[in-house]
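**Q** This note's numbering applies: residue 41 is where the sequence shown begins, and numbers increase by one.
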Amino acid sequence: MTSTGIRLDAPAPGWAIDADVVVVGSGVAGLTAALRCTAAGLATVVVTKARLDDGSTRWAQGGIAAALGEGDTPEQHLDDTLVAGAGLCDQDAVRLLVTEGPDAVRRLIATGAHFDTDDSGAISLTREGGHHRRRIAHAGGDATGAEISRALVEAVRTRAVRTIENALVLDLLKDKDGRTAGITLHVMGEGQHDGVGAVRAPAVVLATGGMGQVFSATTNPSVSTGDGVALALRAGAEISDLEFVQFHPTVLFLGADSEGQQPLVSEAVRGEGAHLVDAAGTRFMLGQHELAELAPRDIVAKAITRQMQAQGTEHMYLDARHFGAAMWEQRFPTILAACRSHGIDPVTEPIPVAPAAHYASGGIRTDRHGRTTVPGLYACGEVACTGVHGANRLASNSLLEGLVFAENIAADIAAGASTPVQDKVVDSALPAGAHGEPVPLLDPAARIQIQRIMTEGAGVLRSADSLAEAAGRLEAIRADEHKAAVPGVEAWETTNLLLVSRVLVAAAAAREETRGCHWREDRPDRDDASWQRHLVVRITPERSLDIRPTASATFPPTVAATPLEP
């Protein structure tokens, strides 16, 4: 474990509170970890960037995958996950996910989440891309994430877990031995705490969600600016698999110039029998994969992109007119309302769709207990790279991963929680391990530049030339940092976006093959001999990137890590 000596330019903390655990993020992973830590008797604080119920989880439409149906088994779920992961899943991590998954879902139900049921009272299960069985549990038709978020938020409030809302995490605090000692954060607006402060704790759980805002068009909310990954890099943690960004195949097309968060058309719509067609009504997925429209997401996204290129169009169509009005209203009310709000009626016309950035399969490298390469720092959910997803996440495995690994993190923290807080933390006004010159902050106006650079050079289609151009343009933005912005939320977010974008582009350029959701036009074939391994990235004190491959598809340990290949 190394310390970079890098931190964001920010005022010194003006206030501090103590805890046993601080959880950053309020999605399924963060709130599950917080509830389990609280149940273990640990003083827990939840920090969230917006309101408690504004995390990415509430946007999840499709559902949560687990072997809950008759005839289904964890082994079958494992097989489907490994196929989707294109040779880069850590099999032990996947086995943990699918084995512990069903009981984790049952505990979520016991917490108060209500899933849709059939006439017999059993949980209704549907199919999504890459699954050979119906194993997706859903709620409110297509509002699964909203229901899970509701249940967990209610449980957190019922149990009086301490929360700090509207707070952007800045940097990690460390003690003199380099262990985690808490975080610095900035609270936006008036409240009990305001401005920059600190939460001092010997265990920090990052559950900050995704980084979709590095691209112009994404399904991610505006808060998904890669803050957790950027913090971890500055703290000296290892990042892996950031090149594997999943572009959801069916995002409502709002126009070529549309930017920011775009409405998702859930894969569950295809799971119920919707067809992908071109303007002439021709189904183009037939014959391309045994599962046709339900092929893994990378295959469907590539097929749509190829059709768009071949026909010179900006989108394809998803045709579900045969569902009828009643099914649309009962099964997919959220999607129906979103489409109609944009002037499209799925009951009577096909839906224009195109791929958009959706999910980061990579992130902060962890082991199966959620431990990172920085002692005391944990990560779970989309911000983490557990090895479960490999090169391409299987549909609806993300909510399950958040549940399972959050519970494992809480158990690990509880097992090691024996020293009082005061004996483990440093003075919050002196962020040890984060000394040195602070990172100059970017003008927030650079955010749109970064997003457009990433979409053009590192989007669905990539090549050595496009990535080299993207890297050069990003470096030019970094070189312009002498025009530093004053500290503030938008400047911190934009600075985080630049760091995450640099890592993503560098990893994508280094991986000279096509695998999963990483599609290199100049390297169209999968190359297991050279690339059935992960790329691990660290940032050096000089702010350059150190990129090294692992020896195999299995990650080395995070604690007392074995050396990577030179």
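Just so it is clear, CB atoms sit at the ideal spot from N, CA and C, and this is done for glycine as well.
Predicted model, so just to flag it, every value in this text is computed and none were measured.
In three-state DSSP terms, what is S280?
**A** Three-state DSSP puts S280 in a strand.
**Q** R551 and W532 - do their beta-carbons sit closer together than 8 Å?
**A** No, the Cβ-Cβ distance between W532 and R551 is not below 8 Å.
**Q** I need the DSSP call for M356, collapsed to helix, strand or coil.
**A** Here M356 sits in strand by DSSP.
**Q** Grab me the residues of L108's own chain with a C-beta within less than 7 Å of its C-beta, minus the 5 sequence neighbours each way, in chain order.
**A** Contacts found: P142, V145, I163, L165, R175, A177.
**Q** When the Cα of T44 is compared with those of A593, E515, V479, T495, which residue comes out closest?
**A** Of the candidates A593, E515, V479, T495, the one whose C-alpha sits nearest the C-alpha of T44 is V479.
**Q** Along the beta strand (DSSP E) that carries V305, what are the first and last residues, could you check?
**A** That residue, V305, is in no beta strand (DSSP E); it is neither H nor E in DSSP.
**Q** Taking contact to mean at least 3 C-beta pairs separated by less than 8 Å, is the segment 238–252 in contact with the segment 260–277?
**A** With the cut-off at 8 Å, the segment 238–252 and the segment 260–277 touch.
**Q** Less than 8 Å between C-beta atoms, sequence neighbours within five positions excluded: which residues of the same chain meet that for S592?
**A** Excluding positions up to five away in sequence, the list reads Q572, R573.
**Q** Which class does A546 belong to by DSSP, given the choice of helix, strand or coil?
**A** A546 falls in the helix class under three-state DSSP.
**Q** Please go through the same chain and pick out, in chain order, the residues whose beta-carbon is closer than 7 Å to the beta-carbon of V540, but skip the five residues on each side of it.
**A** Result list for V540: M251, V254, G266, V269, A270, in chain order.
**Q** Do you know offhand how far R487's Cα is from L537's?
**A** Cα-Cα distance, rounded: 7 Å.
**Q** Out of curiosity, what's the CA-to-CA distance linking D234 and L208?
**A** Straight-line Cα distance between these residues: approximately 11 Å.
**Q** Measuring straight from C-alpha to C-alpha, what distance separates R98 and G181?
**A** Cα to Cα, R98 sits roughly 13 Å from G181.
**Q** Please state whether DSSP places R47 in a helix, a strand or coil.
**A** Coil at R47, not helix or strand.
**Q** Shortest alpha-carbon distance to G416 belongs to which of I223, L122, A186, V196?
**A** Selected option, being the one with the closest Cα: I223.
**Q** Between R371 and P395, what straight-line distance do the alpha-carbon atoms span, to the nearest angstrom?
**A** Cα to Cα, R371 sits roughly 23 Å from P395.
**Q** For A517, tell me which candidate among L326, P386, A485 has the shortest Cα-Cα distance.
**A** Before going further, note that residue 517 is Ile rather than Ala in the sequence given. Considering only alpha carbons, the answer is A485.
**Q** For the alpha helix (DSSP H) holding H398, just list the boundary residues, first then last.
**A** Looking at the DSSP string, H398 is not in any alpha helix (DSSP H); the run it does join, the beta strand (DSSP E), is 391–400.
**Q** Which residue comes first and which comes last in the beta strand (DSSP E) that contains R405?
**A** Element bounds for R405: 403–405.
**Q** Assuming E447 and T72 make a contact with CB atoms under 8 Å, what is their CB distance in whole Å?
**A** The pair is a contact, with the Cβ atoms about 6 Å apart (cut-off 8 Å).
**Q** If you pair each beta-carbon of the segment 580–590 with each one of the segment 554–569, do three or more pairs fall below 8 Å?
**A** No contact exists between the segment 580–590 and the segment 554–569.
**Q** Whose C-alpha, out of L440, G528, D586, R588, is nearest the C-alpha of P51?
**A** The option with the nearest alpha carbon to P51 is G528.
**Q** According to the neighbour-count rule (16 or more other Cβ atoms, all chains shown, within 10 Å of its Cβ), is R199 buried or exposed?
**A** Result: exposed.
**Q** Measuring CA to CA, which of A547, V85, I149 is closest to V244?
**A** Checked all of A547, V85, I149; the closest Cα to V244 is V85.
**Q** Considering only residues of the segment 253–298, which uninterrupted alpha helix (DSSP H) runs meet the minimum length of 4 residues and lie entirely inside it, listed in chain order?
**A** Complete alpha helix (DSSP H) runs here, min 4: 267–275.
**Q** Would you list the residues sitting across from C379 in a DSSP beta bridge?
**A** Bridge partners of C379: none, in fact.
**Q** Name the one or two DSSP bridge partners that D211 has.
**A** D211 pairs with T224.
**Q** Hey, out of L316, V387, R433, whose CA is closest to P34's CA?
**A** Beyond the ends of the chain as shown, which are 41 and 606, falls residue 34; an answer cannot be given.
**Q** Among the residues of its own chain, which have a CB less than 8 Å from the CB of I149, if the five just before and after it don't count?
**A** If we look at I149 and ignore the five residues flanking it on each side, its Cβ neighbours are F155.
**Q** Let me know the secondary structure DSSP gives V540 once reduced to three states.
**A** Helix at V540.
**Q** Short check: CB of V305 to CB of M325, under 8 Å?
**A** It is not a contact, given that the beta carbons lie outside the stated cut-off.
**Q** Compare the Cα-Cα distances from E369 to each of R219, L82, V309, G403 and report the closest residue.
**A** When only C-alpha atoms are compared, the closest one is V309.
**Q** Answer with buried or exposed for S280, where buried requires no fewer than 16 other C-beta atoms within 10 angstroms of its C-beta.
**A** Under this definition S280 is a buried residue.
**Q** Taking buried to mean at least 16 other C-beta atoms within 10 Å of its own C-beta, is A455 buried or exposed?
**A** Looking at its Cβ environment, which holds fewer than 16 other Cβ atoms inside 10 Å, A455 is exposed.
**Q** Please return the same chain residues whose Cβ sits closer than 7 Å to the Cβ of I493, not counting the five positions on each side in sequence.
**A** Within the same chain, I493 has close Cβ partners A510, R513, L514.
**Q** Where do the ends of the beta strand (DSSP E) carrying E202 lie?
**A** Correcting the residue identity first, residue 202 is Arg in this sequence and not Glu. Unbroken beta strand (DSSP E) run through R202: 202–204.
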